[in-house]
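Before any comments, here is the structure.
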Ligand SMILES: Nc1ncnc2c1ncn2[C@@H]1O[C@H](COP(=O)(O)OP(=O)(O)OP(=O)(O)O)[C@@H](O)[C@H]1O
Ligand SMILES: [Mg+2]
């Protein structure tokens, strides 16, 4: 394990049982991600990107193997701790935006902060600066359901950033965006990279192939990582 | 509240899910309303009864022969008067007089208007009657129900009784008793003692029973023992015995209702369980997303707990409030018949508002405990939704 | 069916107790499964399912605790109002002694509340650790609590099913009174020594708590409840009733005395519970529980102030002691 590693994955396996059928979705994955790195997981549909991302983010548990984040194993933490871990360390950006459509942008961004028992003022202040960072302050009081795809994505980014996590996980972030909005998204991602966030993007969007700031592209195939193209730290 | 993000979010969620909550609140309301109304009516009646019973004489002496009540010789009165600590010894003659049709009956009570009455209510009634005028002829005081009945059967001025000896006895209606006494005096006719004896065909040395008061509570047991030993076929009844009998009767009626209510509660629980178990996939996603964003199972449980409590409390306040209006302001139309029905003359009484910790807490417990128990497991099930649900 | 079983409050009470028992049965079955199959190191789906089910047990126990607490108050209240139906009973004391089950039931209730509270304290600590270190202790504790509650529920029905409404009972004047001149106090104490003990033990409780002497705190606390119970019944109570011969732990729960009994006994018992729990956690599990102990001290102080207050107010008003 490298000293600077923020995420270390060792011999990770994940299989799903449905009846007698055992489907191996992740096979013997070993991966080390350094602090501040930006990694692109590339693979066709069904190759296991989402599953791997869920396990990294503490949303799912491995069937065997180890996932260490900042040196601590997260795969057997009791719920209280794994939830705390998700709230503190992980910013999640989902494929379908996953906003609460009936709430305003501000209220959506507030959600990850609620369990932390902060005062309304502290929450307001964090939400405000996060919206600003994602460049969506002007829509703060709009209902999420009425926003355009690009705006929704930016609210989702603001929500992922609001508790200032070290790691940002994005699952197919541009799947529901047009080219313009995808480029804008990549621009924001670049800013986050500059802020020192560790970023993992799972995608099959070719736009990410030419990402100027990505350190590594890790191709996935049928549940395994097949080599990696390192671009070196910039 | 305003300063807590949690409660802010809670109210937003509650408002969003209001359709779902409305349904549950509506069912709860019906159940709470029925239950509270029944309990309000029965406790109000019980309260009025207690009030009236307080007016009753402390002791009643009867004579029992062969298990039947027979008339008491008036000489017993003299022996009672000798006992220390006894006051207001009064002889009474009373019995049921069946009206022509044999369906309805009056309770005729004969009192000696010259004695000091041991019955406090009678005492007050008599204070308002011009005794001289009353005793001049054959007059009677009647309860509200009797007056109503006589009027509707074209006897507005009086009634002619048929005595067991086959003679007719015409009695004038002197005055109608005040409405407040209707719970006990509704079907009552009060006449001078001699007149009652005549109507029932008794001779002058006989009365139905003798009543008296014992002002010092500590003496009650003592007096009861002493008098019981007077005569082998003498029976003493104290006011407490009557109180208990009524208490049992109304507990019994209320108890029957509660058991009916239990059946309703079971249905209610099943409906709730159904409703809360019917977790739409959208709600699973919803909770899964909260979990993915860092909410722990405890946090979701807390959210759901407050949501449930809001439903419970809103329904409780509304249900009890509506029942209060229905029973004490509107006078509980329809439902009162079940409680007061069975009385043989039409009865008009006012339900006195009675609201105490016992009733309110009983209603709350019997409603909230089954409610929360029914939704506990469904709520837990939704709270442990996997966070990866949000990724699908 | 006896008229006692048909009284509204008894029906409500028994129904609630039965429902709680049903829920506890579910929790009990899950706990047995957990005790048998638990393997924290495993990544199996079964283990994760058990961890989720443990939350159901927790939810049920929390609910049961809250309702049992409310039901204790309701129980005392119901019993008090039953005194109308039971001949000779003037307050709850008479009804509770209407048969042999009553006092047992009350003691069981107090015990169960204590252990439920202890369970929750342990559970809280257990959830905050990263590997459920106390789950076995906690599960066995629950198994025992469940068994006691099973007995309690049985005694509930036995008690209310066996109250005779014809047979007169003794009430507080005979049960707690000193009619025969016999000394009702334990160890032949007299009132003066009882009071000295009362205040001395209170000081001992405070002192040992503040100087963090855990074992002596626990011992002092246990002695204090014991002495406090007798002090209230035989001394402070008489000032609440303003009648030197009225010795009863129950009458003060009535409206005539502004329900002050709920406050007096509530402060004493909750204070003692929290104090004991902090000691058990600290001695047995080596966990700091300062907050509970401080709340306990506050409640016990309120209790002592309240008791003393009644005497003081009586003296100020009348210029004499009873
Ligand atoms: N809960 C589950 N039960 C059974 N199989 C599952 C489950 N979740 C995922 N899978 C299977 O695991 C495989 C990988 O799924 P995953 O969602 O990780 O792929 P992906 O690379 O993200 O694909 P896409 O690009 O379409 O999002 C798929 O074959 C899927 O069917
Ligand atoms: Mg995917």
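Chains as they are written, first to last, in my numbering: chain G, 1448 to 1681; chain B, 20 to 411; chain C, 229 to 550. No residue lacks a Cβ here, since even glycine has one placed at the ideal position from N, Cα and C. As the structure is a computational prediction, the values presented were derived from the model and not from experiment.
- Query: Contact check, residue 492 of chain C vs residue 443 of chain C under 8 Å by CB: the rounded distance?
  - Reply: Here residue 492 of chain C refers to the residue found at position 264 when the third chain is read from its first residue. Here residue 443 of chain C refers to the residue found at position 215 when the third chain is read from its first residue. Rounded, the Cβ-Cβ distance is 28 Å, inconsistent with contact.
- Message: Output needed in chain order: residues of the stretch 1495-1509 of chain G with a Cβ under 8 Å from some Cβ in chain C.
- Response: 1508 and 1509
- Query: So residue 354 of chain B and residue 63 of chain B are in contact, right, with Cβ under 8 Å, and what is the actual spacing, rounded?
  - Reply: Counting from one through the second chain, the residue named residue 354 of chain B turns up at place 335. Counting from one through the second chain, the residue named residue 63 of chain B turns up at place 44. So it is not a contact: roughly 12 Å between Cβ atoms.
- Query: Taking all protein chains shown into account, do 16 or more other C-beta atoms lie within 10 angstroms of the C-beta of residue 1662 of chain G, making it buried, or fewer, making it exposed?
  - Reply: Here residue 1662 of chain G corresponds to residue number 215 of the first chain, with the count starting at 1. Burial call: buried.
- Flag residue 356 of chain C as yes if its beta-carbon sits less than 8 Å from any beta-carbon of chain G, otherwise no. Looking up residue 356 of chain C in the third chain gives position 128. Interface residue, yes.
- Indicate the three-state DSSP secondary structure (helix, strand or coil) for residue 445 of chain C in the structure shown. Taking the third chain and counting its residues from 1, the one referred to as residue 445 of chain C is at position 217. In this structure, residue 445 of chain C counts as helix in the three-state DSSP scheme.
- Task: Give me whichever residues DSSP pairs with residue 265 of chain B in a beta bridge.
- Result: The sequence position of residue 265 of chain B within the second chain is 246, counting from 1. None; residue 265 of chain B has no bridge partner.
- Query: Counting only runs that start and end within the stretch 253-333 of chain B, where is the alpha helix (DSSP H) found for 4 or more residues in a row?
  - Reply: 258-296 and 300-311
- Message: Under 5 Å, CB to any heavy atom of ligand 1. Which residues pass, going along the chain?
- Response: G:1463, G:1472, G:1492, G:1493, G:1494, G:1495, G:1496, G:1497 and G:1498
- What number of angstroms, rounded off, separates the C-alpha of residue 204 of chain B from the C-alpha of residue 152 of chain B? The count along the second chain starts at 1 and reaches residue 204 of chain B at position 185. The count along the second chain starts at 1 and reaches residue 152 of chain B at position 133. Computed Cα separation, rounded: 22 Å.
- Cβ atoms of residue 347 of chain C and residue 307 of chain C: under 8 Å apart, would you say? As a first step, residue 307 of chain C must be located in the third chain, where it is residue number 79. As a first step, residue 347 of chain C must be located in the third chain, where it is residue number 119. Not a contact, by the Cβ cut-off of 8 Å.
- Indicate, with yes or no, if ligand 2 has a heavy atom lying under 7 Å from the CB of residue 1682 of chain G. Nothing about residue 1682 of chain G can be reported from this structure: the residues present for chain G run from 1448 to 1681 only.
- Query: How big is the Cα-Cα spacing for residue 71 of chain B and residue 127 of chain B?
  - Reply: Here residue 71 of chain B is taken as the residue at index 52 of the second chain, counted from 1. Here residue 127 of chain B is taken as the residue at index 108 of the second chain, counted from 1. So the alpha carbons of these two residues sit roughly 18 Å apart.
- Task: Could you pull the start and end residues of the alpha helix (DSSP H) that residue 400 of chain C belongs to?
- Result: Stepping through the third chain from its first residue, residue 400 of chain C is reached at position 172. Segment 400-403, the alpha helix (DSSP H) holding residue 400 of chain C.
- Message: Quick check: what's the CA-CA separation for residue 1485 of chain G versus residue 1495 of chain G?
- Response: In the first chain, counting from the first residue as 1, residue 1485 of chain G sits at position 38. In the first chain, counting from the first residue as 1, residue 1495 of chain G sits at position 48. So the two alpha carbons sit approximately 19 Å from each other.
- Decide yes or no for the touch test of the stretch 363-372 of chain C against the stretch 314-324 of chain C: beta carbon pairs closer than 8 Å, at least 3 of them. no
- Query: Which residues in chain G sit within 9 Å of residue 329 of chain B, going by Cβ to Cβ distance?
  - Reply: Here the question's residue 329 of chain B lines up with position 310 in the second chain. Those do not exist, as residue 329 of chain B stays about 17 Å from chain G at its closest Cβ, beyond 9 Å.
- Using a Cβ-Cβ cut-off of 8 Å, state whether residue 1653 of chain G counts as contacting chain C. Taking the first chain and counting its residues from 1, one reaches residue 1653 of chain G at position 206. Not one chain C Cβ lies under 8 Å of residue 1653 of chain G.
- Message: Our contact map puts residue 1545 of chain G next to residue 1613 of chain G with C-beta atoms below 8 Å; I'd like the distance itself, whole angstroms only.
- Response: Locating residue 1545 of chain G in the first chain gives position 98, counting from the first residue. Locating residue 1613 of chain G in the first chain gives position 166, counting from the first residue. The pair is not a contact, with the Cβ atoms about 21 Å apart (cut-off 8 Å).
- Task: Please state whether DSSP places residue 327 of chain C in a helix, a strand or coil.
- Result: Within the third chain, the letter at position 99 stands for residue 327 of chain C. Residue state, collapsed to three classes: coil.
- Item | Buried or exposed by the 16-neighbour rule on C-beta atoms within 10 Å, applied to residue 1643 of chain G | Here residue 1643 of chain G is taken as the residue at index 196 of the first chain, counted from 1. Residue 1643 of chain G should be labelled exposed.
- Using a Cβ-Cβ cut-off of less than 8 Å, list which residues of the stretch 1527-1544 of chain G approach chain C; keep chain order. 1527 and 1528
- Identify the contact partners of residue 259 of chain C in chain B, using a Cβ-Cβ distance below 9 Å as the criterion. In the third chain, residue 259 of chain C corresponds to position 31, counting from 1. In chain order: nothing, as chain B lies at least about 15 Å away.
- Excluding five sequence neighbours on each side, which residues of the same chain lie with their C-beta closer than 8 Å to the C-beta of residue 1458 of chain G? Locating residue 1458 of chain G in the first chain gives position 11, where the first residue counts as 1. Within the same chain, residue 1458 of chain G has close Cβ partners 1475, 1476, 1477, 1511, 1512 and 1513.
- Length-filtered (3 minimum) beta strand (DSSP E) runs lying within the stretch 1479-1547 of chain G: 1485-1489, 1511-1516 and 1537-1540
- Please look up how many angstroms separate the CB atoms of residue 1606 of chain G and residue 1570 of chain G, rounded, as I've assumed it's under 8 Å. The residue you call residue 1606 of chain G lines up with position 159 of the first chain. The residue you call residue 1570 of chain G lines up with position 123 of the first chain. About 13 Å separates the two Cβ atoms, so there is no contact after all.
- Cβ-Cβ distance between residue 318 of chain B and residue 1559 of chain G below 8 Å: In the second chain, residue 318 of chain B corresponds to position 299, counting from 1. In the first chain, residue 1559 of chain G corresponds to position 112, counting from 1. No, the Cβ-Cβ distance between residue 318 of chain B and residue 1559 of chain G is not below 8 Å.
- Query: Comparing the C-beta of residue 305 of chain C with each C-beta of chain B, is any distance below 8 Å?
  - Reply: Taking the first residue of the third chain as position 1, residue 305 of chain C is located at position 77. Output row for residue 305 of chain C: interface = yes.
- In chain order, what residues of the same chain lie with their CB nearer than 7 Å to the CB of residue 1470 of chain G, ignoring the 5 residues before and after it? Position 23 of the first chain holds residue 1470 of chain G. Closer than 7 Å at Cβ, skipping near neighbours: 1462 and 1463.
- Hey, residue 506 of chain C and residue 524 of chain C are a contact pair by Cβ (cut 8 Å); roughly how many whole angstroms apart? In the third chain, residue 506 of chain C corresponds to position 278, counting from 1. In the third chain, residue 524 of chain C corresponds to position 296, counting from 1. About 6 Å; that satisfies the 8 Å criterion.
- What residues of chain C sit near residue 380 of chain B, judged by a beta carbon separation below 9 Å? Translated into the one-based positions of the second chain, residue 380 of chain B becomes position 361. Here the neighbours are 237, 240, 298, 301, 302 and 305.
- Please decide whether residue 1589 of chain G counts as near chain C, where near means a Cβ-Cβ distance under 8 Å. On the first chain, residue 1589 of chain G is found 142 positions in, with the first residue counted as 1. Answer no: the Cβ-Cβ gap between residue 1589 of chain G and chain C never drops below 8 Å.
- Task: Select from B:32, B:26, B:292 and B:27 the residue whose C-alpha is nearest the C-alpha of residue 306 of chain B.
- Result: Residue 306 of chain B sits at position 287 when you count from the first residue of the second chain. Nearest C-alpha to residue 306 of chain B: B:32.
- Anything in chain C within Cβ reach of residue 1468 of chain G, meaning under 9 Å, just list it in chain order. For the purposes of this step, residue 1468 of chain G is taken as residue 21 along the first chain, with counting starting at 1. Within 9 Å Cβ-Cβ: nothing; residue 1468 of chain G doesn't reach chain C, min ~14 Å.
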